[in-house]
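S.K.: Pasting a structure below so you can have a look.
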Amino acid sequence: MAIQDSPMINHRGPEFAAILKRVTLRLQYFFQTASPVLTFPASGTGGQECAIVNLFSPGDHVVSITIGSFGDRLAKIATTYGLQVTRIEFPWGQAADPATVEARLQEVAPYRGVLLTHNETSTGVTNDVQALAALIRRHNANALIVVDAVSSLGSIPLEMDLWDIDVVFTGSQKGWMTPPGIMMIAASQRAWEANKTAKLPRFYFDWASARKKLEVWQHPTTPPVSLFYALDVALEMMLAEGREAFFERHQRAGEYVRSRAKAMGLQLLANHERASNTVTAILTPEGIDTKALLKKLREQDSVVLAGGQDRLEGKIFRVGHLGFFSEADLAHTMDRVEARLHELGFKG
Ligand SMILES: *Cc1c(COP(=O)(O)O)cnc(C)c1O
């Protein structure tokens, strides 16, 4: 965005304070929370680490509901910080089944928190966070419910306060039409209480320091000023389009990409009900080399798609439909996918 080339301003001065105030209040609207939304210079993984270090103490027991690579990463960070982690895992491509989660929660020892992913970007699956949060809350009224919404917040409905979620975080480069570099995180009253006694070491990601500075519309450290220019403009655009209209546009995009893939004779990794509206994972057909397909698309069509991560490497390719995109872009992308697959011998 051209706005990023605007002259640098003093991040302790009144112009930046006005931007930070506007951005923060608008983020609260998109997070659907009355809690302050803290911003840190970081990527999405920073959000995962920030949530863990601010809530827990060494040895705390947490339950990790994981349906893919990003859920695994969050569990790994918890383990790295000395938490005791019980995993409830589902096969990659499936959403967390609420009945299974409920049954497993009855079996596990008392737990302090539950970690889960809203939209698992590695598999193109969206969890039913509303149902999951409700059943966790029924089982444990004091559980700290942490939701990684890096690739969904703003684009797929998530109501932090109404669903009684304790921590939600996201990253500027996913649904926010902004380059990477701003991580945004909000905490419930329950989470702020937990923060007072949480003993894990933290400095850069400390919520209390960030909140204190936010009272005067500043950050404890130097913020990425040019990214804030961009995020400010992006939020303005999102508000102009309307929060619900923005959700609907992503839903249409998801439906369009899924229907095009099916019409070509391709199979989707996710089942219909929980397929993501920000990223679609498509199984690479038998006999086609995923790397060769992605290379052709990138070099000959300037269409950049992602492959699979970890155990899905070589097995799927993923079409993103979040942030800046138009319906025409998606049509072009799917046209090129179809043409290149046929060139590679796919009969469909
Ligand atoms: C992208 C992503 C992350 C990690 O974000 P980085 O910006 O790459 O650190 C974490 N969780 C989810 C669900 C993501 O999509």
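The working numbering numbers the first residue of the sequence shown as 12 and each following residue consecutively. Each residue gets a CB set at the ideal place from its N, CA and C atoms; glycine is no exception.
Say the cut is 7 Å; is the CB of glycine 334 nearer than that to a heavy atom of ligand 1?
M.R.: Indexing the sequence shown from 1 puts residue 334 at position 323. No - ligand 1 has no heavy atom lying nearer than 7 Å to the Cβ of glycine 334.
S.K.: Give the list of continuous beta strand (DSSP E) stretches no shorter than 3 residues that lie fully inside the segment 290 to 318.
M.R.: Here the runs fully enclosed are 290 to 294.
S.K.: Between valine 178 and the rest of its own chain, which residues show a CB-CB distance below 6 Å, the 5 nearest in sequence each way excluded?
M.R.: By 1-based counting over the sequence shown, the position of residue 178 is 167. Excluding positions up to five away in sequence, the list reads Ala62, Val157, Ala198, Ala202.
S.K.: Taking only heavy atoms of ligand 1 into account, decide whether any of them is closer than 7 Å to the Cβ of glutamine 59.
M.R.: Within the sequence shown, numbered from 1, the residue matching residue 59 stands at position 48. Correct: glutamine 59 has its Cβ closer than 7 Å to ligand 1.
S.K.: For ligand 1, I want to know if glutamine 184 counts as a neighbour, meaning its beta carbon is within less than 7 Å of at least one of the ligand's heavy atoms.
M.R.: Position 173 of the sequence shown, counting from 1, holds the residue named residue 184. Yes - ligand 1 has a heavy atom lying nearer than 7 Å to the Cβ of glutamine 184.
S.K.: So what's arginine 23 in DSSP terms, helix, strand or just coil?
M.R.: Taking the first residue of the sequence shown as position 1, residue 23 is located at position 12. Arginine 23: coil per DSSP, three-state reduction.
S.K.: Are the beta-carbon atoms belonging to tyrosine 267 and leucine 352 less than 8 Å from one another?
M.R.: On the sequence shown, residue 267 is found 256 positions in, with the first residue counted as 1. On the sequence shown, residue 352 is found 341 positions in, with the first residue counted as 1. No; because the gap between Cβ atoms is not below 8 Å, this pair is not in contact.
S.K.: Would you identify the three-state DSSP class for glutamate 45, choosing helix, strand or coil?
M.R.: As a working note, residue 45 is residue 34 in the sequence shown. Residue 45 is actually alanine in this sequence, not glutamate. Here alanine 45 sits in coil by DSSP.
S.K.: Among Ala264, Ala286, Trp103, Ala292, whose alpha-carbon lies nearest the alpha-carbon of leucine 277?
M.R.: As a first step, residue 277 is located in the sequence shown; it is residue number 266 there, counting from the start. Answer by Cα proximity: Ala292.
S.K.: Which residue's Cα is closest to the Cα of glutamate 2: Gly182, Ala142, Pro190, Ala154?
M.R.: For the chain, the structure presents residues 12 to 359; residue 2 sits outside this window and is missing.
S.K.: May I have the straight-line CA-CA distance separating glutamine 15 from threonine 189, to the nearest angstrom?
M.R.: Numbered from its first residue, the sequence shown carries residue 15 at position 4. Numbered from its first residue, the sequence shown carries residue 189 at position 178. Straight-line Cα distance between these residues: approximately 10 Å.
S.K.: Report the option in Leu164, Thr134, Asp139 whose CA atom is closest to the CA atom of proline 109.
M.R.: Taking the sequence shown and counting its residues from 1, one reaches residue 109 at position 98. Closest option to proline 109, Cα to Cα, is Asp139.
S.K.: Pick out the complete alpha helix (DSSP H) segments inside the segment 209 to 241, 4 residues or longer, and give them in chain order.
M.R.: If we require 4 residues or more, the alpha helix (DSSP H) runs fully inside the segment 209 to 241 come out as 218 to 225.
S.K.: For the segment 296 to 304 and the segment 325 to 341, state whether three or more C-beta atom pairs, one from each stretch, are separated by less than 8 Å.
M.R.: Taking 8 Å as the limit for Cβ pairs, the verdict is that the segment 325 to 341 does touch the segment 296 to 304.
S.K.: Relative to the alpha-carbon of tryptophan 103, which residue among Ala274, Arg260, Ala286, Trp228 has its alpha-carbon at the smallest distance?
M.R.: Within the sequence shown, numbered from 1, the residue matching residue 103 stands at position 92. Among Ala274, Arg260, Ala286, Trp228, the Cα nearest to that of tryptophan 103 belongs to Ala286.
S.K.: What whole-angstrom Cβ distance do tryptophan 218 and alanine 28 have, given they're in contact under 8 Å?
M.R.: Here residue 218 is taken as the residue at index 207 of the sequence shown, counted from 1. Here residue 28 is taken as the residue at index 17 of the sequence shown, counted from 1. Wrong, their Cβ atoms sit about 20 Å apart, outside the cutoff.
S.K.: Can you give me the C-alpha to C-alpha distance between phenylalanine 22 and valine 34, rounded to a whole angstrom?
M.R.: Translated into positions along the sequence shown, residue 22 becomes position 11. Translated into positions along the sequence shown, residue 34 becomes position 23. A small fix is needed here, since residue 22 is histidine in this sequence, not phenylalanine. Answer to the nearest angstrom: the Cα atoms are 14 Å apart.
S.K.: Please classify glycine 356: is it buried, with 16 or more other beta-carbons within 10 angstroms of its beta-carbon, or exposed?
M.R.: Here residue 356 is taken as the residue at index 345 of the sequence shown, counted from 1. Exposed, since its Cβ has fewer than 16 Cβ neighbours within 10 Å.
S.K.: Cα separation between leucine 246 and glycine 57?
M.R.: Along the sequence shown, one-based indexing puts residue 246 at 235. Along the sequence shown, one-based indexing puts residue 57 at 46. The straight-line gap from Cα to Cα measures roughly 21 Å.
S.K.: Taking methionine 195 as part of the beta strand (DSSP E), name the residues at either end of that continuous run.
M.R.: Position 184 of the sequence shown, counted from the start, is the residue given in the question as residue 195. Run containing methionine 195: 193 to 198, per the beta strand (DSSP E) assignment.
S.K.: Are there 16 or more other CB atoms within 10 angstroms of the CB of methionine 19, so buried, or fewer, so exposed?
M.R.: In the sequence shown, the residue the question calls residue 19 occupies position 8. So methionine 19 ends up on the exposed side.
S.K.: Between Trp174, Glu338, Phe81, Gln311, which has its C-alpha nearest arginine 347's C-alpha?
M.R.: Looking up residue 347 in the sequence shown gives position 336. Of Trp174, Glu338, Phe81, Gln311, the residue nearest in Cα terms is Gln311.
S.K.: When every heavy atom of ligand 1 is checked, does at least one fall within less than 7 Å of the C-beta of glycine 93?
M.R.: Here residue 93 refers to the residue found at position 82 when the sequence shown is read from its first residue. No, the Cβ of glycine 93 stays beyond 7 Å of every heavy atom of ligand 1.
S.K.: Say yes only if the C-beta of aspartate 172 is nearer than 7 Å to one or more non-hydrogen atoms of ligand 1, and no if none qualify.
M.R.: The residue labelled residue 172 in the question sits at position 161 within the sequence shown. No; taking the cut-off as 7 Å, the Cβ of aspartate 172 has no heavy atom of ligand 1 nearer than that.
S.K.: Spell out the partners DSSP gives histidine 72 in its beta bridges.
M.R.: For this step, residue 72 is matched to residue 61 along the sequence shown. Answer is Gln95.
S.K.: Locate the alpha helix (DSSP H) running through valine 140, then write down its first and last residues.
M.R.: Sequence index remark: in the sequence shown, residue 140 carries index 129 (1-based). Counting along the chain, the alpha helix (DSSP H) containing valine 140 begins and ends at 140 to 150.
S.K.: So, histidine 43 versus arginine 84, is the Cβ gap smaller than 8 Å?
M.R.: As a first step, residue 43 must be located in the sequence shown, where it is residue number 32. As a first step, residue 84 must be located in the sequence shown, where it is residue number 73. This sequence places glutamine at residue 43; histidine is not what is there. The answer is no: Cβ separation not under 8 Å.
S.K.: Could you check if glycine 55 belongs to the surroundings of ligand 1, using beta carbon to heavy atom distance under 7 Å?
M.R.: Translated into the one-based positions of the sequence shown, residue 55 becomes position 44. Glycine 55: yes, Cβ under 7 Å from ligand 1.
S.K.: Give me the Cα-Cα distance between glutamine 39 and leucine 49, rounded to the nearest whole angstrom.
M.R.: To locate residue 39, count along the sequence shown from 1; it is residue 28. To locate residue 49, count along the sequence shown from 1; it is residue 38. Answer to the nearest angstrom: the Cα atoms are 10 Å apart.
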